[in-house]
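Heads up: the sequence shown begins at 2 in our numbering, then just goes up one per residue. Note sheet for the following structure.
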Amino acid sequence: MTTHPNSFTSSDSKETHSFDDLYELNISRRQRNLNHIDNANFGLFHVRTCIIAGIGFFTDAYDLFVINFVSIMLSYTDSHYMSYNPIVRASIDMALKMSAACGTLLGQLVFGWCADRFGRKRMYGLELSIMIVATFGSAMSSGSFAITTWASLIFWRFILGVGIGGDYPVSAVITSEFATVSKRGAMISAVFAMQGFGILTAGIVSVVTLGAYRESIVITEMYIDPVWRIILVFGVIPAILGFYFRVTIPETPRFTMDILGDIEKAERDINNVLKREDPLIQYTPICVDGPGATWQDFKEYFSKWENAKILLGTSLSWFVLDIAFYGIGLNNGIILQAIGFGDSQDTFSILWNLSVGNIIITMLGTIPGYWFTVFLVDKWGRKKIQLMGFIVLTVLFLIWGLCYSFIKQYMAIFITIFSLCQLFQNFGPNATTFIVPSEVFPTRYRSTGHGISAASGKLGAIIAQVGFLKLKDIGGPNQFVDRLILIFAIFMFLGIFSTLLIPETRDKTLETLSNESPRIIVNNRKHKRKASE
């Protein structure tokens with residue numbers, strides 16, 4: 002339904018236009034602006050966008066995976082922790098690793114909705130602020146008569162997770178909505194690829210800090226306490242560096258046009274960021290009643306199977322992937338210990354070997370996998386890479402699980418299999434499950450859809466973490482790991498079928514992928530008043 006008189010007088014002339022003429026004028030100007038974004042030459046602004054968003058994902062990965070080292074270090078320094086029996090200590094370890102994941106799930110849902118409701122720009126600095134505060138809180142966690150060190154750390158890790166969760170949909174959607182069609186996959190995957198450097202940096206900081214305290218740790222294990230605090234607080238540095246740039250980035254033109262209804266401001270922002278010199282043409286905006294981001298409209302949009310199956314496909318693919326990705330990733334230390342990589346006579350050597358082992362695996366598999374995706378995703382397509390990844394991972398996990406007893410006797414073979422799994426997780430579904438949800442939903446649900454998909458993944462991560470730590474010792478310490486790996490193979494196989502539900506998004510505009518006709522929705526009261534006069 003429309004709210005308008007039969008005709009309007011243009012703001013730059015005395016010429017009278019019919020409503021249909023003005024509606025078409027606004028539609029054409031919107032499309033012109035979108036063409037500027039979609040077909041722009043790749044330039045400094047695009048690089049800047051990737052770097053700003055990438056700093057957040059560097060920090061996200063560092064903060065999430067550094068708990069691998071911290072949980073083991075804490076077991077040597079916390080007297081309350083050491084006083085508990087092995088079952089309770091295992092539960093504490095699980096809570097330390099799950100707390101951030103639970104917070105992340107909540108942050109993905111809340112910030113995903115908020116970015117569609119209040120704008121991407123408003124959320125972009127808020128989640129980073131939460132991460133900065135929570136990182137400081139984590140590093141300063143200490144015990145008292147009311148709370149233990151690990152309980153304080155669990156609390157701050159949950160808050161940290163909320164900020165990390167918010168970064169997923171907001172960063173992905175901002176990058177997607179500013180990207181050119183031909184480079185969109187590479188830009189989004191480059192942002193996500195910064196996770197690899199974050200994981201690598203966690204290992205490097207652990208090695209450097211351990212090296213600095215080596216002599217003290219050899220004398221007494223209590224000197225491990227400042228080590229894990231330094232490792233945690235390091236994560237605040239990239240977050241602070243990226244904060245200024247996040248709060249100064251403009252709102253995405255798609256949100257400005259499609260949700261705020263201000264086509265003129267969107268055009269001005271496009272000209273600024275792309276360094277265009279086209280003069281702004283005065284035009285008369287009109288008021289058109291259209292669907293907003295309401296619960297009723299949400300149900301109507303996703304009640305259509307062509308839309309619902311996409312959300313189902315992105316959510317299920319992320320869910321099954323994260324069961325294996327986090328089941329392995331957050332337990333690297335346990336797996337390396339199970340094959341004897343971390344065995345040693347003294348505490349320092351155990352921690353040192355585990356840190357070095359993580360660096361080796363990250364260099365061999367994790368980082369190359371991310372960047373294979375960056376370079377090939379716009380050539381091969383998202384769907385093909387995701388299918389390839391799930392198929393290869395199914396085979397690798399089957400080989401690893403069925404031949405576990407043999408493989409773990411040979412360190413080189415074990416590290417090779419482990420690294421290949423990391424490679425094809427990242428040159429495969431771990432990257433594409435992040436890319437596709439930022440492309441396939443309309444502007445008013447793009448962040449919400451990405452948040453739901455990402456939260457489904459974190460639900461899988463939580464289930465995997467609980468399952469891994471509860472089941473790994475069935476039959477003896479680490480005796481059930483081989484069967485857990487076979488369970489991961491089953492989930493990778495299911496990922497093949499969930500991938501069939503999603504479309505190929507390569508070389509398609511976001512508007513084409515949204516399965517909707519263009520609409521002009523103007524919510525500016527001033528414009529509404531003018532139109533009704």
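Built from N, CA and C at the ideal position, the CB exists for glycine as well.
Residue i and residue j closer than 8 angstroms at C-beta
| i | j | result |
| --- | --- | --- |
| Ser142 | Leu154 | yes |
| Gly164 | Phe58 | no |
| Gly55 | Thr105 | no |
| Gly236 | Thr417 | no |
| Val437 | Ile503 | yes |
| Ala203 | Phe66 | yes |
| Val441 | Ile311 | yes |
| Gly1 | Val378 | One cannot answer for residue 1 here, as it falls past the ends of the chain, which runs 2 to 534. |
| Phe489 | Phe428 | no |
| Ile225 | Tyr77 | yes |
| Pro170 | Ala91 | no |
| Glu307 | Lys384 | no |
| Ala309 | Arg445 | no |
| Tyr327 | Gln426 | no |
| Val234 | Thr136 | yes |
| Thr210 | Ile238 | no |
| Tyr214 | Val192 | no |
| Thr181 | Phe43 | yes |
| Ile133 | Ile160 | no |
| Leu470 | Ile73 | no |
Three-state secondary structure assigned by DSSP to residue i
| i | result |
| --- | --- |
| Glu512 | helix |
| Ile422 | The residue you asked about is not Ile; residue 422 is Cys in the sequence shown. Note: Cys422 maps to helix in three-state DSSP. |
| Asp379 | helix |
| Lys441 | According to the sequence as given, residue 441 is Val; it is not Lys. Looking at Val441 - three-state DSSP - the assignment turns out to be coil, as it is neither helix nor strand. |
| Lys276 | coil |
| Leu470 | helix |
| Gly291 | In this prediction, Gly291 has a pLDDT of 45, which is less than 50 and means its spatial position is unreliable; what the coordinates show is noted afterwards. Of the three classes helix, strand and coil, the one that applies to Gly291 here is coil, per DSSP. |
| Lys266 | helix |
| Tyr214 | coil |
| Asp61 | helix |
| Arg507 | coil |
| Thr253 | coil |
| Asn359 | helix |
| Val396 | helix |
| Tyr411 | coil |
| Cys404 | coil |
| Phe246 | helix |
| Asp347 | coil |
| Ala41 | coil |
| Gly366 | helix |
| Lys305 | coil |
| Thr50 | helix |
| Val321 | helix |
| Thr433 | helix |
| Thr221 | coil |
| Ile260 | coil |
| Gln32 | helix |
Cut-off 7 angstroms between Cβ atoms - residues of its own chain near residue i, not counting five sequence neighbours on either side
| i | result |
| --- | --- |
| Leu472 | Phe481 and Leu485 |
| Thr253 | Arg121, Ile175, Glu178 and Phe179 |
| Gly496 | Ser318, Val321, Leu322, Phe391 and Pro430 |
| Pro443 | Ser515 and Glu517 |
| Met258 | Arg31, Asn34, Ile264 and Ala267 |
Whole-angstrom C-beta distance between residue j and residue i, which should lie under 8 angstroms
| i | j | result |
| --- | --- | --- |
| Ser316 | Ser454 | 5 angstroms |
| Gly370 | Gln423 | 6 angstroms |
| Phe419 | Leu275 | About 44 angstroms; that fails the 8 angstroms criterion. |
| Gly167 | Gly108 | 4 angstroms |
| Thr434 | Gly458 | 7 angstroms |
Residues near residue i by beta carbon distance below 8 angstroms, same chain, minus five either side
| i | result |
| --- | --- |
| Gly68 | First, the amino acid is wrong: residue 68 is Ile here, not Gly. So the qualifying residues of the chain are Leu97, Lys98, Ala101, Arg158 and Leu331. |
| Leu399 | Leu487 and Ala490 |
| Ile463 | Met99, Ala102, Cys103 and Leu106 |
| Ile53 | Gly243, Phe246, Arg247 and Ile250 |
Cβ shell of residue i (< 6 angstroms), same chain only, five flanking positions each side left out
| i | result |
| --- | --- |
| Thr414 | A quick correction: the sequence has Ile, not Thr, at residue 414. Hits under 6 angstroms: Ile408. |
| Tyr125 | Val171 and Arg247 |
| Leu421 | Leu397 |
| His37 | Ile271 |
| Ile148 | none |
Heavy atom of the ligand SAH within 7 angstroms of residue i beta-carbon
| i | result |
| --- | --- |
| Val375 | In the structure on display, the ligand SAH does not appear, and there are no ligands present to speak of. |
Query raised in the report: Which runs of the alpha helix (DSSP H) spanning at least 4 residues fall entirely within the region 79-150, listed in chain order?
Result: 80-84, 87-119 and 121-140, all fully within the region 79-150.
Query raised in the report: Along the chain, which unbroken stretches of the alpha helix (DSSP H) at least 4 residues long are found entirely within the region 144-206?
Result: Correct list: 150-179.
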